[in-house]
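Asks:
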Amino acid sequence: MSDFYFSGSSTAKIDDKNRFVLPQSMRYGLVEAGACEFTICLGMGGCLNIYKKSDIEKIAKKFKEKQHIARYQKFFTLFFSTLFHTTCDKIGRVTLPPQLKKLVNIQKEIVVAGVLDKIELWPKEVYDENMKNLLSEADSNEMLEMSEEVFALMHDEPGKEKINESHIKKAQDLVSQ
């Protein structure tokens, strides 16, 4: 199962008890040692993430090594205070912690998206808007550049990602804001 990765997406409705049904194929990807246990946490860009139990244990172990570095403290507080260990019931329903639901403004529908080693949970409106923007004419050149860079990583030596002028320009723009 080491070559497994999450992929695909589907829409799910949130019921009155803050539950949604996790797609069966994604549930299978979360099973380890005969149990479907996982962690839901705050993700980047306005979504929630679901990580396999073993993946979150690896992340926590690495973070523990850096826990006394002052510049990481705010991140660690945010990350671990929004980490909820959970499972799903017999029919695949997962309960969203109310704090996380509120943080990313989930209403009645979410998009469940498989993304390599994690599952992302997006408010449907946000996911749809992000997709629309990614595929719009205005962002088509940026998307083309990003696609070229990502697929070029397949040919680069590990750990030696190329930094091109667009990376430098983007970094300069961020710093000057």
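Using our numbering, the first residue of the sequence shown is number 239, and each one after it goes up by one. Where is the CB? At the ideal position from N, CA and C, for every residue including glycine. This structure is a prediction, so every number in the text was calculated from the model and none was measured.
1. Can you grab the Cα-Cα spacing for the pair residue 399 / residue 255, in whole Å?
2. What is the rounded straight-line gap between the Cα of residue 329 and the Cα of residue 369?
3. Where are the alpha helix (DSSP H) runs, 4 residues long or more, that stay fully inside the region 287-336, in chain order?
4. Whole angstroms is fine: what's the gap from residue 258's alpha carbon to residue 331's?
5. Along the chain, where does the alpha helix (DSSP H) that runs through residue 263 open and close?
6. Inspect the beta-carbon positions of residue 251 and residue 363 and report whether they are closer than 7 Å.
7. DSSP state of residue 271, grouped into three classes?
8. Excluding the five sequence neighbours on either side, which residues of its own chain have a C-beta within less than 7 Å of the C-beta of residue 260, listed in chain order?
9. Let me check understanding here. Comparing Cα to Cα, which of 322, 339 and 285 lies closest to residue 278?
10. Grab me the residues of residue 247's own chain with a C-beta within less than 6 Å of its C-beta, minus the 5 sequence neighbours each way, in chain order.
11. If we cut at 7 Å on Cβ distances, does residue 271 have a partner in chain C?
12. Out of 297, 270 and 275, point me to the one whose CA is closest to residue 242's CA.
13. Using a Cβ-Cβ cut-off of 8 Å (strictly less than) and excluding sequence neighbours within five positions of residue 381, which residues of its own chain qualify?
Replies: Here's the rundown:
1. Position 161 of the sequence shown, counting from 1, holds the residue named residue 399. Position 17 of the sequence shown, counting from 1, holds the residue named residue 255. Because the pLDDT at residue 399 is just 48, under 50, the model does not fix this residue reliably, and the value given afterwards should be weighed accordingly. Roughly 45 Å separates the two Cα atoms.
2. Along the sequence shown, read from residue 1 onward, the residue named residue 329 stands at position 91. Along the sequence shown, read from residue 1 onward, the residue named residue 369 stands at position 131. The alpha-carbon atoms of residue 329 and residue 369 are separated by roughly 30 Å.
3. The qualifying runs are 291-302 and 311-319.
4. By one-based count along the sequence shown, residue 258 stands at place 20. By one-based count along the sequence shown, residue 331 stands at place 93. Roughly 5 Å between the two C-alpha positions.
5. What you label residue 263 is simply residue 25 of the sequence shown in a count that begins at 1. Segment 262-268, the alpha helix (DSSP H) holding residue 263.
6. Looking up residue 251 in the sequence shown gives position 13. Looking up residue 363 in the sequence shown gives position 125. Result no, Cβ atoms of residue 251 and residue 363 do not sit closer than 7 Å.
7. Working through the sequence shown from its first residue, we reach residue 271 at position 33. In the structure shown, residue 271 sits in coil (DSSP, three-state: anything other than H, G, I, E or B).
8. Here residue 260 refers to the residue found at position 22 of the sequence shown. Cβ within range, chain order: 326, 330, 332 and 350.
9. Your numbering for residue 278 matches position 40 in the sequence shown. Closest option to residue 278, Cα to Cα, is 322.
10. Taking the first residue of the sequence shown as 1, we reach residue 247 at position 9. Closer than 6 Å at Cβ, skipping near neighbours: 349 and 351.
11. The structure shown contains no chain C, having only a single protein chain.
12. The residue labelled residue 242 in the question sits at position 4 within the sequence shown. Among 297, 270 and 275, the Cα nearest to that of residue 242 belongs to 270.
13. One-based indexing of the sequence shown puts residue 381 at position 143. Result list for residue 381: 372 and 373, in chain order.
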